[in-house]
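First residue of the sequence shown? That's 50 in the working numbering, and the numbers climb one at a time after it.
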Amino acid sequence: MSVKNPDREALAHGRITNETIRPKPGIPSWALKLTMAITGLFFALFVVGHMAGNLKLYLPAHDGEEALDAYGAFLRSMGDPLIPSGHLLWIIRIVLLACVIAHIYGAFALTARSKAARGKFKRTNLMGGLDSFATKTMLVTGVVLLLFIVFHILDLTMGVQPVAPEAFVHGAVKANMIATFSRWPVTIIYVVAMLCLFLHLTHGIRLAASDLGITGAKWREVFVILAYVVPAVVCLANIVMPLSVALGWVS
């Protein structure tokens, strides 16, 4: 192997060179992995809470107000009167946006570093089945979920047409959900996105355990169980909701 500008003193002592093989990155890889682990677990908690709130779709109206609409009003008024109505919700949205940006940057940065370090050599046949597929498609499912988040915000948060239904009314959460999921193409988009979410969460939770230094056998078993149970429950519920509307079971 040839070395450019070798250190002759180092060569005399049996070393090729004292120069580093690769320049030191601005942000250490361990910091990127830790950031992705923390933001990923934050996203997992968010989707669980989001799912729980949306399940109010099946609750009956109380005093003429739909349970889902009351939940939407609660989100918009959180913190009031200590924090002006709507401000806390925007703070949460800004924090989520910052986490998304940090998570995406970490994913692409670590992928680029991994490819640069590996070169033309690739590791194969290290695992099989669902784990292998989830690992190989992590970047793809992440991009799909990012596009879905944009679509979801335009659809049920902002009501931007033609993404949102023509009958969209701000604040009418249940009516908006029924209107949007009554369109089969939109329902299919949500179902596909939830399948991607299952793959992404499953591998992400298991990876977060390693990146956070959780190496104990019992705790690792707990995280393995959570890595399958939590994504399965979230994705199943988020698939049933649009399908139940599309099939006319909820109106």
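Every residue, glycine too, gets a C-beta built ideally from N, C-alpha and C.
Item, Value
"By the three-class DSSP mapping on this structure, what secondary structure does Met-50 have?", "The predicted position of Met-50 is uncertain, since its pLDDT is 46 and thus under 50; a value taken from the coordinates is nonetheless stated next. In this structure, Met-50 counts as coil in the three-state DSSP scheme."
"Relative to the C-alpha of Ser-259, which residue among Gly-89, Gly-75, Ile-76 is closest?", "Gly-89"
"Mind checking whether Asp-214 and Thr-229 have CB atoms under 7 angstroms apart?", "This sequence places Pro at residue 214; Asp is not what is there. Yes. Within cutoff."
"Between which two residues does the alpha helix (DSSP H) harbouring Phe-92 extend?", "78-103"
"Which of helix, strand or coil does DSSP assign to Glu-270?", "helix"
"Assuming contact is defined by CB atoms lying nearer than 7 angstroms, are Gly-155 and Thr-84 in contact in what I supplied?", "yes"
"Can you tell which of Leu-205, Ala-166, Thr-160 has its C-alpha closest to the C-alpha of Thr-186?", "Thr-160"
"State yes or no: is the C-beta of Ala-80 within less than 7 angstroms of the C-beta of Leu-261?", "no"
"For the alpha helix (DSSP H) that Ile-141 lies in, which residues bound it at each end?", "136-167"
"For Ala-286, tell me which candidate among Val-273, Ser-78, Ala-158, Tyr-107 has the shortest Cα-Cα distance.", "Tyr-107"
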